[in-house]
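Chemist: The sequence shown begins at 0 in numbering that gives the first Met the number 0 and counts up one residue at a time.
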Amino acid sequence: MRGRGDRFEAVLGERGLDRFLVTDLTNVRYLTGFTGTNGAAICGPGVRVFLTDFRYTERAAAEVSEWEIVTVTGDWLAGIAERLAGKVGFEDDHVSVRTFSKLEEKLGESVEVVAAGGTVEGLRRVKDETELALIAEATKLADAALKQTLENAFVGKTEREVADYFEAKVRGFGGTLSFDSIVAAGPNGAQPHAEPGDRVIGRGELVVFDMGAKLDGYCSDGTRTFATGDIGDEGRKVYETVLEAQLASLDAIRPGEKGEDVDNVARKIIGDAGYGEYFGHGLGHGVGLDIHEGPRLSLRSDDVLAANEVVTVEPGIYLAGNLGVRIEDIVVVTDDGILNLSSLPKDLTFVD
Ligand code: ZN
Ligand code: ZN
């Protein structure tokens, strides 16, 4: 968390804010290092205050440095309000209307609150060395778990059993899950967000496997689609199209490129192959403390890529009632392209 308060303070200066109240716990963690479930941070010129309650005083002492730790006893919102001054940015995208109006009642006359949601999220887009190392490590861990899951075979097992096996491996390697794994075979693969179920995986099916591990709060995200035998002409054509779109859009990523334009690279290839209407989601998203964060690679994304952002690239084609294919890598934007963190092969891989 070293130096993040300073970067944040610089942003507040640009926006003419005297203080910023951070209440979203992921943003609080990002800035201060605190991992508990009740905390807030107040930042301003020369001001770094972290607030929590008595349950977390000890944890805060262990986790939070560079921020003054205040244990609020009594009224939580009053404890926050008395430390705010001047023009105060707050996270309107995370504070409920009810909490906001209660807080407002406790503010002094001279305090002006300004909706400033997304400010910390903006900082979080660009990762530092520590964050990049954790995401790379989480990706390695997830890929290793998936490799072992492949060796354990798919055919004859339910999607749930395969997902459970993978998830146990992730935990065995010392990680947690960054989201509930997706194992979707045959027609289930046509639902981009399918939940693993009791369907037994058969021969000659495509199996979409979307998975991620989490290390020290940082997520990985990756998808491969495997074949359990001959998948037929259409299956092969869909797979090759998705792969071509994925490789071309990876090639298009560099600083200064717009999220919308990178998405379009994949969308054009899939459209030209006749599957345009079957690619119904965005191409990719940022990953960090949250599994989905900025920047977005999608049709209506104004986000412009910058070095050291981490994004997924995950085109897919979903043919309802039949099959689905998605291929997803997680990459770091570098000065002149990408560093691909995903290590698993992408040519169609057969699994027993
Ligand atoms: Zn994914
Ligand atoms: Zn993803």
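No residue lacks a Cβ here, since even glycine has one placed at the ideal position from N, Cα and C.
Residues in its own chain within less than 7 Å of ALA193 by CB, not counting five upstream and five downstream?
Modeler: So the list reads ILE181, ALA183 and ASN187, once near-sequence residues are dropped.
Chemist: Apply the 10 Å Cβ neighbour rule to THR311 and answer buried if 16 or more other Cβ atoms are within range, or exposed otherwise.
Modeler: So THR311 ends up on the buried side.
Chemist: Pull the bridge partners of VAL330 from the DSSP assignment, please.
Modeler: According to DSSP, VAL330 bridges with VAL310 and ASN339.
Chemist: Among LEU20, GLU62 and VAL71, which has the Cα closest to the Cα of ARG47?
Modeler: Nearest of LEU20, GLU62 and VAL71 to ARG47, Cα basis: LEU20.
Chemist: Locate the alpha helix (DSSP H) running through LYS105, then write down its first and last residues.
Modeler: Residues 96 to 105.
Chemist: What residues in its chain sit with their C-beta under 8 Å from that of PRO191, if we drop five residues either side in the sequence?
Modeler: Same-chain partners within the cutoff: GLY279, HIS280, GLY315, TYR317, GLY323 and ARG325.
Chemist: Are VAL207 and THR157 closer than 9 Å when you measure CB to CB?
Modeler: The answer is no: Cβ separation not under 9 Å.
Chemist: Thinking C-alpha only, which one of ASP52, GLY234 and GLY88 is nearest ALA319?
Modeler: Among ASP52, GLY234 and GLY88, the Cα nearest to that of ALA319 is on GLY234.
Chemist: What's the gap between the Cα of ILE112 and the Cα of TRP66?
Modeler: According to the sequence as given, residue 112 is Val; it is not Ile. Approximately 22 Å between the Cα atoms of the pair.
Chemist: What separation, rounded to the nearest whole angstrom, lies between the Cα atoms of GLU150 and ASP302?
Modeler: Approximately 40 Å between the Cα atoms of the pair.
Chemist: Could you tell me the alpha carbon to alpha carbon distance between GLU130 and GLU256, rounded to whole angstroms?
Modeler: In a straight line, the C-alpha of GLU130 is about 22 Å away from that of GLU256.
Chemist: In this structure, how does DSSP classify ALA40 when only helix, strand and coil are distinguished?
Modeler: Strand, per DSSP.
Chemist: If you reduce the DSSP assignment to three classes, tell me which class GLU292 lands in.
Modeler: Strand, per DSSP.
Chemist: Measuring alpha carbon to alpha carbon, tell me which residue in LYS213, PRO344 and ALA305 is nearest ILE290.
Modeler: With distances taken between Cα atoms, ILE290 lies closest to LYS213.
Chemist: Starting from LYS139, trace the alpha helix (DSSP H) in both directions and tell me its first and last residue.
Modeler: Segment 128 to 150, the alpha helix (DSSP H) holding LYS139.
Chemist: Thinking just about the alpha-carbon of each residue, which of ALA144, GLY171 and GLY78 is nearest to the one in LEU343?
Modeler: When only C-alpha atoms are compared, the closest one is ALA144.
Chemist: So does GLU327 have its beta carbon nearer than 8 Å to some heavy atom of ligand 1?
Modeler: Answer for GLU327: yes, Cβ within range of ligand 1.
Chemist: Return the Cβ separation of SER248 and VAL237 in integer angstroms, given the expectation that the two are a contact with Cβ distance under 8 Å.
Modeler: The pair is not a contact, with the Cβ atoms about 17 Å apart (cut-off 8 Å).
Chemist: Specify, as a first and last residue, the run of the beta strand (DSSP E) that VAL199 falls within.
Modeler: Element bounds for VAL199: n/a, residue is neither H nor E.
Chemist: Output the boundary residues of the beta strand (DSSP E) element that contains LEU298.
Modeler: From DSSP, LEU298 is part of no beta strand (DSSP E); its letter is neither H nor E.
Chemist: Give the secondary structure of GLU90 by DSSP, where H, G and I count as helix, E and B as strand, and everything else as coil.
Modeler: Looking at GLU90 - three-state DSSP - the assignment turns out to be coil, as it is neither helix nor strand.
Chemist: Thinking just about the alpha-carbon of each residue, which of GLU308, THR72, ASP232 and SER219 is nearest to the one in GLU352?
Modeler: For the chain, the structure presents residues 0 to 351; residue 352 sits outside this window and is missing.
Chemist: Compute the Euclidean distance between the alpha carbons of GLU13 and THR118, then round it to the nearest angstrom.
Modeler: Approximately 11 Å, taken between the alpha carbons.
Chemist: Less than 8 Å between the CB of HIS192 and some heavy atom of ligand 2, yes or no?
Modeler: Checking the Cβ of HIS192 against ligand 2 gives no.
Chemist: In this structure, does DSSP put GLU65 in helix, strand or coil?
Modeler: Note: GLU65 maps to coil in three-state DSSP.
Chemist: Ignore the nearest five residues each way along the sequence and tell me which others in THR56's own chain have a CB closer than 8 Å to its CB.
Modeler: Only ILE68 and THR70 meet the Cβ criterion.
Chemist: Rounded to whole angstroms, what is the Cα-Cα separation between ASP127 and ASP5?
Modeler: Spanning the two alpha carbons is a distance of roughly 14 Å.
Chemist: Say whether chain B places a C-beta atom closer than 9 Å to the C-beta of ASN263.
Modeler: No chain B appears in this structure, which consists of one protein chain only.
Chemist: My guess is that PHE178 and GLY211 are in contact by the Cβ rule of under 8 Å, so how many angstroms apart are they, rounded?
Modeler: Indeed, because the Cβ distance is near 6 Å, the residues count as touching under 8 Å.
Chemist: For a quick check, are the C-beta atoms of GLU239 and LEU282 less than 9 Å apart?
Modeler: No; because the gap between Cβ atoms is not below 9 Å, this pair is not in contact.
Chemist: Determine the extent of the alpha helix (DSSP H) in which GLY228 is found, giving its start and end residues.
Modeler: From DSSP, GLY228 is part of no alpha helix (DSSP H); its letter is neither H nor E.
Chemist: Determine the closest residue to GLY173 out of VAL241, VAL10, VAL110 and ALA141, with distance taken between C-alpha atoms.
Modeler: Closest option to GLY173, Cα to Cα, is ALA141.
Chemist: Would you tell me roughly how many angstroms separate the C-alpha atoms of VAL331 and GLU104, rounded to the nearest one?
Modeler: Looking at the two C-alpha atoms, the distance is approximately 45 Å.
Chemist: Using the DSSP secondary-structure output, state which residues sit across from TYR317 in a beta bridge.
Modeler: Note: TYR317 sits in a beta bridge opposite GLY323.
Chemist: For a test of the three-state rule: what should DSSP assign to GLY221, helix, strand or coil?
Modeler: Strand.
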